[in-house]
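Contents: one structure, followed by commentary.
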Amino acid sequence: MKRALLVVLTVMIAVSFVSAQTIETSRQKTLFIFPIQYGSNAQGLTQEQHTFIKQEFYKTFVSTFERFEFIEVRADKTVDQFLGRANDFVMENAQELLQRRMEPDGRIGEARVTISDLTTAVEESYAFVPSFKKVQQKTDDDGDVYFEIEAEIEIYQTATGERVAVVSGTTSGIGGALGAMGSLLHGGDQTVEQKFESSVRGVFNEMKTRMRQLDIFALRAAVIETHRNYFTFDLGTNFGVRLDRRYRVVAYNAEGEISRMIAFGKVRSFETDRSNVQILLGGDIAEGDQVIEYAAFGLNINPMFGTLPVKTEGFDNYSYYDLDLPEDDDAMQPWIGFVLEYNVAAITNVSEFYTVLEGGYVMFENTVMYNAMVGFEKKFYFANIALFGAAKVGILRMDVDLDEGSNFDDDAKDVVDMYGLSIDVGGEMLLTPNVGLQLRASYYMFPEQSFDDWGVFYDDPTVEAIGLSIRAGLLITL
Numbered sequence: 003m004k005r006a007l008l009v010v011l012t013v014m015i016a017v018s019f020v021s022a023q024t025i026e027t028s029r030q031k032t033l034f035i036f037p038i039q040y041g042s043n044a045q046g047l048t049q050e051q052h053t054f055i056k057q058e059f060y061k062t063f064v065s066t067f068e069r070f071e072f073i074e075v076r077a078d079k080t081v082d083q084f085l086g087r088a089n090d091f092v093m094e095n096a097q098e099l100l101q102r103r104m105e106p107d108g109r110i111g112e113a114r115v116t117i118s119d120l121t122t123a124v125e126e127s128y129a130f131v132p133s134f135k136k137v138q139q140k141t142d143d144d145g146d147v148y149f150e151i152e153a154e155i156e157i158y159q160t161a162t163g164e165r166v167a168v169v170s171g172t173t174s175g176i177g178g179a180l181g182a183m184g185s186l187l188h189g190g191d192q193t194v195e196q197k198f199e200s201s202v203r204g205v206f207n208e209m210k211t212r213m214r215q216l217d218i219f220a221l222r223a224a225v226i227e228t229h230r231n232y233f234t235f236d237l238g239t240n241f242g243v244r245l246d247r248r249y250r251v252v253a254y255n256a257e258g259e260i261s262r263m264i265a266f267g268k269v270r271s272f273e274t275d276r277s278n279v280q281i282l283l284g285g286d287i288a289e290g291d292q293v294i295e296y297a298a299f300g301l302n303i304n305p306m307f308g309t310l311p312v313k314t315e316g317f318d319n320y321s322y323y324d325l326d327l328p329e330d331d332d333a334m335q336p337w338i339g340f341v342l343e344y345n346v347a348a349i350t351n352v353s354e355f356y357t358v359l360e361g362g363y364v365m366f367e368n369t370v371m372y373n374a375m376v377g378f379e380k381k382f383y384f385a386n387i388a389l390f391g392a393a394k395v396g397i398l399r400m401d402v403d404l405d406e407g408s409n410f411d412d413d414a415k416d417v418v419d420m421y422g423l424s425i426d427v428g429g430e431m432l433l434t435p436n437v438g439l440q441l442r443a444s445y446y447m448f449p450e451q452s453f454d455d456w457g458v459f460y461d462d463p464t465v466e467a468i469g470l471s472i473r474a475g476l477l478i479t480l
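Just so you know, the sequence shown maps onto residues 3 to 480 in my numbering.
Here you go:
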């Protein structure tokens with residue numbers, strides 16, 4: 003009996019110890035921020051561009067990054083000089099820094115500060131060293147201007163002087179995609195400076211997300227309310243919680259390590275110190291469970307396969323030419339491509355609102371045929387199932403091969419661009435937080451266009467794409 007009681011008590015103590023040791027709620031961290039440095043491949047910027055970078059950096063990493071309290075480092079300080087004195091500075095000012103964190107309006111309060119609090123203040127102080135490795139203006143084969151940008155932030159823990167992480171962003175990767183997708187909100191052709199600004203924003207957004215993905219900076223909270231379709235945790239705008247941000251509820255093992263995901267969801271509403279999260283996967287949540295931020299770039303890549311309705315007329319009249327021309331047809335043609343979705347809820351304040359970009363290749367015999375479209379999309383989630391609608395505009399291009407020996411007039415058109423739109427409806431099912439399945443029905447309206455100046459005996463060939471298209475594919479969240 004005594005042995006059984008001892009076992010029960012031991013288990014209870016172990017469970018209580020794990021729970022007490024592992025359930026965390028984020029505290030605001032102190033961050034020392036260095037001036038932005040520019041490498042040899044980032045020279046030649048205009049004063050306006052320098053000003054924009056500085057303003058956008060502070061907007062991205064200071065005024066809208068509420069999990070940190072920032073202190074600027076003088077420009078005449080090197081990293082080594084600063085780190086040599088940073089620990090002493092934090093120790094000397096820890097009580098003031100800590101009390102400043104405890105007051106939402108920044109005033110020095112009368113909060114009781116313990117030795118443990120002071121130690122934590124020292125341990126939770128970091129230094130940012132931002133730099134631009136490359137900023138270059140380029141021109142593509144069509145004469146369009148674009149920018150190649152590479153930037154990074156080195157992160158040091160001031161207590162030890164150790165470099166704990168480096169986050170980077172580049173226009174050749176996700177930063178370029180984020181900048182391009184975000185610019186769709188503004189519409190129309192961009193000026194050179196607008197392209198520069200979109201590129202910088204995309205790179206900064208990539209770096210900020212990579213920072214939120216770091217274990218040392220990911221927000222942690224506790225579940226304070228549970229409901230059938232959502233739960234509430236104890237952080238809000240005071241720590242920069244945003245609409246549609248992703249969070250996991252996790253369980254720990256006896257070693258204090260994450261053993262499994264209990265639930266996954268997205269923020270649908272928030273207040274100063276609390277946020278409501280719609281449950282998309284899992285469930286069985288209890289008050290006091292650990293909540294951890296599960297940051298993503300808000301970018302979905304959807305590789306898809308389906309059909310596109312294409313009608314061609316008049317090509318058969320030219321079959322006597324020794325050419326590989328498409329045949330007259332009115333049928334669904336195979337289509338393979340992708341849809342990019344970028345969540346802009348944080349900008350529009352509309353949950354599950356996306357800019358979308360579609361591109362694909364139509365496998366129509368003896369032609370090169372592809373489409374490119376942009377638009378907007380709205381989703382409605384019901385647990386792990388979502389319904390959505392979208393509207394897109396764009397171009398469908400058909401290219402046929404008229405070789406030089408075919409006796410066609412020099413003015414004969416071999417490329418046709420059809421401008422039109424599509425209306426989409428569909429649904430998707432999440433399998434994991436980052437992978438799902440998507441089914442999309444699109445009604446395309448690309449009106450008839452002709453291949454002009456082919457001959458005098460027959461009408462010029464025509465092509466149009468009007469009708470319903472069905473596509474299916476994966477949904478991959480980055």
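We treat Cβ as the ideally placed atom computed from N, Cα and C, and that holds for glycine. Source: prediction; values computed, not measured.
Problem set entry | Given Q215 as reference, the closest of G469, F198 and G300 once Cα atoms are compared | G300
For this session: Whole angstroms is fine: what's the gap from D275's alpha carbon to F63's?
Result: 21 Å
For this session: Have a look at T160, M371, K136 and I151 and flag the residue whose alpha-carbon is nearest the alpha-carbon of S127.
Result: T160
Exercise. Short check: CB of G428 to CB of F390, under 7 Å?
Worked result: yes
Problem set entry | Terminal residues of the alpha helix (DSSP H) in which G171 lies | Careful: G171 lies outside any alpha helix (DSSP H), inside the beta strand (DSSP E) at E164 to T172.
Exercise. Which residues mark the beginning and the end of the alpha helix (DSSP H) in which E450 is found?
Worked result: Counting along the chain, E450 falls outside any alpha helix (DSSP H), though it belongs to the beta strand (DSSP E) covering V437 to S452.
Exercise. Are the CB atoms of E295 and L342 nearer to each other than 7 Å?
Worked result: no
Exercise. With distances taken between CB atoms, is the gap from T228 to N278 smaller than 7 Å?
Worked result: no
Exercise. Can the beta-carbon of V137 be found less than 7 Å from the beta-carbon of A44?
Worked result: yes
Exercise. Given that a residue counts as buried once 16 or more other Cβ atoms are within 10 Å of its Cβ, and exposed if not, what is R114?
Worked result: Confidence in R114 is poor, its pLDDT being 48 and thus under 50, which makes the residue's placement unreliable; the coordinate value appears in the next sentence. Flag for R114 reads exposed.
For this session: Assign N373 to one of three DSSP states: helix, strand, or coil.
Result: strand
Exercise. Can the beta-carbon of V269 be found less than 7 Å from the beta-carbon of A223?
Worked result: no
Exercise. On the three-state DSSP scale, how would you describe T62?
Worked result: helix
For this session: Give the DSSP bridge partners of P336, in chain order.
Result: T309
Exercise. Expressed to the nearest angstrom, what Euclidean distance is found between the alpha-carbon atoms of L186 and K197?
Worked result: 11 Å
Problem set entry | Cβ neighbour criterion (16 or more within 10 Å) applied to N373 | buried
Problem set entry | Separation of I38 from Q57, as counted between CA atoms | 11 Å
For this session: Could you check what DSSP says for S42 in three-state terms: helix, strand or coil?
Result: strand
Exercise. When the distance is taken between beta carbons, is T479 closer than 7 Å to A297?
Worked result: no
For this session: Can you give me the start and stop residues for the alpha helix (DSSP H) that V202 sits inside?
Result: V194 to Q215
For this session: Quick one: residues in its chain with C-beta nearer than 7 Å to the C-beta of S21, no 5 flanking neighbours on either side, listed in chain order?
Result: Only weak support is given to the placement of S21: the predicted model assigns it a pLDDT of 44, under 50, and the question is left unresolved by the model.
Exercise. For P48, does the count of other Cβ atoms within 10 angstroms reach 16, so buried, or fall short, so exposed?
Worked result: According to the sequence shown, residue 48 is Thr rather than Pro. Burial call: exposed.
Exercise. Count the other CB atoms within 10 Å of the CB of D246; is the residue buried (16 or more) or exposed (fewer)?
Worked result: buried
Problem set entry | Run of the beta strand (DSSP E) containing G284, from where it starts to where it stops | S277 to G284
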